[in-house]
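Numbering (my numbering), first residue to last: 1 to 304. Even for Gly, the Cβ is constructed at its ideal location relative to N, Cα and C. Keep in mind that this is a model prediction, so the values were computed, not measured. The next block holds one structure in the form of structure tokens; read it before the comments.
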Amino acid sequence: MEETRPFIKIGSRGSKLALWQAHYLQGLLKDQGIDSEVTIIKTQGDKIQHLGFDKLEGKGFFTKELEDALTAGDIDMAVHSMKDMPTESPSGLCLTAVSYRDDPADTLLIKKDKVDMTADFRLVKDAVIGSSSARRKSQMLSLRPDVTMKDIRGNVPTRIEKLRSGAYDAILLAQAGLNRLGLELDDLEVVKLHPREFVPAPAQAVLAYQCRIDDIRVRKLLMKIHNQDVADLTNVERKVLNMMDGGCHLPLGVYCRKDEMGYYHAEAFYSPTEEGKGKKVTVSLSTTNGMAQKVYDQLMAVNV
Numbered sequence: 001m002e003e004t005r006p007f008i009k010i011g012s013r014g015s016k017l018a019l020w021q022a023h024y025l026q027g028l029l030k031d032q033g034i035d036s037e038v039t040i041i042k043t044q045g046d047k048i049q050h051l052g053f054d055k056l057e058g059k060g061f062f063t064k065e066l067e068d069a070l071t072a073g074d075i076d077m078a079v080h081s082m083k084d085m086p087t088e089s090p091s092g093l094c095l096t097a098v099s100y101r102d103d104p105a106d107t108l109l110i111k112k113d114k115v116d117m118t119a120d121f122r123l124v125k126d127a128v129i130g131s132s133s134a135r136r137k138s139q140m141l142s143l144r145p146d147v148t149m150k151d152i153r154g155n156v157p158t159r160i161e162k163l164r165s166g167a168y169d170a171i172l173l174a175q176a177g178l179n180r181l182g183l184e185l186d187d188l189e190v191v192k193l194h195p196r197e198f199v200p201a202p203a204q205a206v207l208a209y210q211c212r213i214d215d216i217r218v219r220k221l222l223m224k225i226h227n228q229d230v231a232d233l234t235n236v237e238r239k240v241l242n243m244m245d246g247g248c249h250l251p252l253g254v255y256c257r258k259d260e261m262g263y264y265h266a267e268a269f270y271s272p273t274e275e276g277k278g279k280k281v282t283v284s285l286s287t288t289n290g291m292a293q294k295v296y297d298q299l300m301a302v303n304v
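Below, the structure is given as structure tokens:
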């Protein structure tokens with residue numbers, strides 16, 4: 001009698017990037033002898049395109065509908081961009097596994113006629129930059145107070161087309177999304193911002209795999225693709241976010257890394273507003289134990 005292969009129903013958003021993430025997951029599962037199918041679910045963040053993230057109510061506006069489907073049993077697991085996930089899962093659900101980490105940096109895409117090679121970030125004075133992230137707005141204004149930050153919504157290709165159309169002089173995006181989509185950008189100036197200077201969102205460039213706590217079968221299957229080294233770092237980042245009682249609309253960046261000597265370093269940026277008056281702190285330790293608390297304490301001790 002032929003043995004039945006394990007099967008998982010995956011819930012995903014429907015954007016090109018979200019589907020890349022779901023199909024990447026399918027490939028990992030297939031390598032482990034696990035079959036799967038993808039169910040596309042629209043979230044609040046997908047449906048409401050005329051408001052910036054900071055103007056949407058609540059937390060989890062890219063995750064709630066996926067989590068509802070998971071709770072209802074319509075899917076076996078959900079794949080999320082980990083930076084979009086609230087720090088606490090709803091009752092009955094758990095974050096079971098995480099992926100590798102792609103490039104965590106943010107990247108500035110600039111129209112060629114708005115490039116100034118002598119200026120910071122190669123960007124002309126008084127440029128209009130598109131972003132709906134409070135964190136990106138605040139950090140950019142801290143470094144380039146002359147620019148104007150303007151909300152932009154839509155998936156990654158849509159945002160790039162808005163830039164090309166002239167609605168913006170530049171836009172800020174995650175480098176990981178650009179890498180994963182493999183988009184043609186030769187007509188634009190691409191300026192990658194170092195994550196130790198322009199601090200990414202907690203868990204940026206990492207995928208999170210969520211399932212029901214009582215679904216032991218799926219939890220065991222997902223542990224086969226879990227990346228514990230990445231989890232150690234993102235746990236620090238997300239714990240700081242949890243301490244700040246924030247979601248992905250908070251003007252907070254946290255980036256934790258491990259150097260070749262085995263020491264851990266965390267950079268964090270926080271601003272109480274989007275107005276560019278934030279400050280950055282750095283914590284270095286030989287262990288991640290207590291690291292998030294030290295980062296939080298330093299952020300709270302800074303007069304911003």
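Euclidean distance between Cα positions of ASP76 and PRO104: 28 Å
Beta bridge counterpart(s) of GLU67 as assigned by DSSP: GLU67 pairs with nothing; no bridge assigned.
Helix, strand or coil at ILE225 [DSSP, three-state]: coil
CB contact flag (ARG122, VAL191, <8 Å): yes
Delimiting residues of the alpha helix (DSSP H) encompassing HIS23: 16-31
Run of the alpha helix (DSSP H) containing LYS137, from where it starts to where it stops: 134-143
Distance CB(LEU181)-CB(ILE8) smaller than 8 Å: no
Identified DSSP bridge partners for GLY290: Answer by DSSP bridge pairing: none, since GLY290 is not bridged.
Backbone CA spacing between ARG212 and LEU193 [nearest angstrom]: Taking the straight line from one Cα to the other gives about 37 Å.
The stretch 163-181 in contact with the stretch 86-99 per 3-pair CB rule at 8 Å: no
THR287 versus TYR263 - alpha carbon distance: 7 Å
Nearest candidate by alpha-carbon position, reference LYS30, set TYR270, ILE225, LYS279: Nearest C-alpha to LYS30: ILE225.
Inter-residue Cα distance where the pair is ASP187 and ARG153: 21 Å
N- and C-terminal bounds of the beta strand (DSSP E) containing THR107: 106-111
Residue range of the alpha helix (DSSP H) that includes ALA268: Unbroken run through ALA268 is the beta strand (DSSP E), 264-270; no alpha helix (DSSP H).
Nonlocal neighbours in the same chain, by C-beta distance under 6 Å from LYS55, ignoring five residues either side: In this prediction, LYS55 scores a pLDDT of 45, lower than 50, which makes its location untrustworthy; the coordinate-derived value is nonetheless stated afterwards. Counting only Cβ-Cβ distances below 6 Å, and skipping sequence neighbours, we find nothing.
Cα-Cα separation between GLN298 and LYS16, rounded to whole angstroms: 39 Å
Separation of ILE216 from MET243, as counted between CA atoms: 30 Å
ARG101 (DSSP reduced to helix, strand or coil): strand
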